[in-house]
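Q:
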Amino acid sequence: MVGSKEKLKEKQDKRLQEISLLRTIPYSDHQRWWTSETVAVVTGVEAAKVLQEGGFNVDFHRLDILDSSSIQEFCKWIKEKYGFVDVLINNAGVNYNVGTNNSVEFSHMVISTNYYGTKNIIKAMIPLMRLASQGARIVNVTSRLGRLKGRHSKLENEAVRAKLIDVDSLTEETVDKTASEFLKQVEEGTWESGGWPHSFTDYSVSKMAVNAYTRVLAKELSERPEGEKINVNCFCPGWVKTAMTGYAGNISAEDGADTGVWLALLPDQAITGKFFAERREINF
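Numbering-wise (the numbering used here), the sequence shown opens with residue 1 and increments by one.
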C-alpha cells in the first residue's frame, strides 16, 4: 500500500511539473480568442486588491450567491459597467469539515451554497454571456470527492449512482431530487445508512450535484445554434492549501487554479460537459 501511494505521488508530482512547463509556453496569436476587452467573472475570490496592486484590471463587487436580490444586483452592475460576460468561473463554496472530521451539521448551508447557489448564479449570468464563434465559457470548480466512480468515489447508494450516471436521461429535476433526498435523510438521522459518502459527506454530495448539473447544462446549451454556444465544464483543483482545507493541502493555490484557467482560455474548440483534473479529462 505504501509503495502504491509513493508511486501515485511521484506520478502527480511529474504531472504538476509538466503543467508548470506548459504554463511557460505562450499561446500563439491565432489561438488567442481573448483580448483586453474580454470580461471574466470569478466568484468567491478575496484576492481582488492584491491583483489590482499587481497592475491587473480587476474589479470587486459584493455577491452573495445565496441571496437572489444580491445576484440580481450583481448582474445589474455587470450589465451597466461591462455589458456582457465572456467567462464565468464558479469558485464560491463552503466546507465545514477539516482533516478527518465529518459532520452533516451544516449540510443545508453546504448544499445551498455549493449546488443551488452555483446553479442560481449560472442561470442569472447566461443571458449576459456574449455570443461568439468560440463560445462563452462556464467553469465550475468541483471535486473528485463528487465522482460517481473511481478511487475517490465513496458513494454506496447504487440507485443514486444509476440515476446520475445516465447522462441521456439526466435532468435538473433529478439532480434537485437527489440533493433533497440527502437533506431529508440528514433531517431524519438516516443518512449514514443511506449509502452516501462517509467522509466529507455533505461537501461530497454537493459536488456530486454540481458535476451532474454541469452535464445537464452542457446538454441544454449544446442545442443552441452555431455562434450562440456556451461551453460548460468542471474541474477538480486538488487538495489546495487554502482556508477551506485549513491550509493542510498539498497543492499551491496557483497550481490548483491552473486547470480552471486553462479551460477558460482553451482555443476555439467545442469542449463541453466534461470533468477535468490536472489538464486531463477524468470520468464522472
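The beta-carbon is built from N, C-alpha and C at its ideal position, and this holds for glycine as well. This one's a predicted model, so the numbers in the text were calculated from it and none came from an experiment.
Out of curiosity, what's the CA-to-CA distance linking PHE74 and GLU10?
A: Roughly 43 Å between the two C-alpha positions.
Q: If you run the structure through DSSP and keep just helix, strand and coil, what is VAL240?
A: Strand at VAL240.
Q: Measuring only the C-alpha atoms, how far is GLY238 from ARG130?
A: If I take the Cα positions, the gap works out to 30 Å.
Q: Could you work out which residue in VAL110, SER112, ILE138 and MET109 is closest to LYS123 when comparing CA atoms only?
A: Looking at the Cα atoms, ILE138 is the closest of the given residues.
Q: With a cut-off of 8 Å on the beta carbons, I'd call LEU155 and ARG161 a contact; round off their distance for me.
A: With 8 Å as the limit, LEU155 and ARG161 qualify as a contact, their Cβ atoms being about 6 Å apart.
Q: Which residues in the same chain as ALA212 place their Cβ atom closer than 7 Å to its Cβ, once the five residues preceding and following it in sequence are excluded?
A: Only LEU164, LEU170 and VAL175 meet the Cβ criterion.
Q: In terms of residue numbering, what span does the alpha helix (DSSP H) encompassing ARG215 cover?
A: Per DSSP, ARG215 belongs to the alpha helix (DSSP H) from 201 to 221.
Q: Sorted by chain position, which residues of the same chain lie with C-beta nearer than 7 Å to VAL94's C-beta, five sequence neighbours on each side aside?
A: Only MET109, VAL110, THR113 and ASN114 meet the Cβ criterion.
Q: Name the residue from PHE56, PRO267, TRP34 and GLU278 whose alpha carbon lies nearest to the alpha carbon of GLY254.
A: One point to set straight first is that residue 254 is Glu, not Gly, in the sequence displayed. Of PHE56, PRO267, TRP34 and GLU278, the residue nearest in Cα terms is GLU278.
Q: Using the rule of at least 16 other Cβ atoms within 10 Å of the residue's Cβ for burial, across every protein chain shown, is LEU51 buried or exposed?
A: The residue is exposed, with fewer than 16 neighbouring Cβ atoms inside 10 Å.
Q: Does the beta-carbon of ASP67 have 16 or more other beta-carbons within 10 angstroms, so that it is buried, or is it exposed?
A: Exposed: under 16 other Cβ atoms inside 10 Å.
Q: Alpha carbons only, please: which of PHE182, GLU158 and GLY150 is nearest the one belonging to ASN283?
A: Among PHE182, GLU158 and GLY150, the Cα nearest to that of ASN283 belongs to GLY150.
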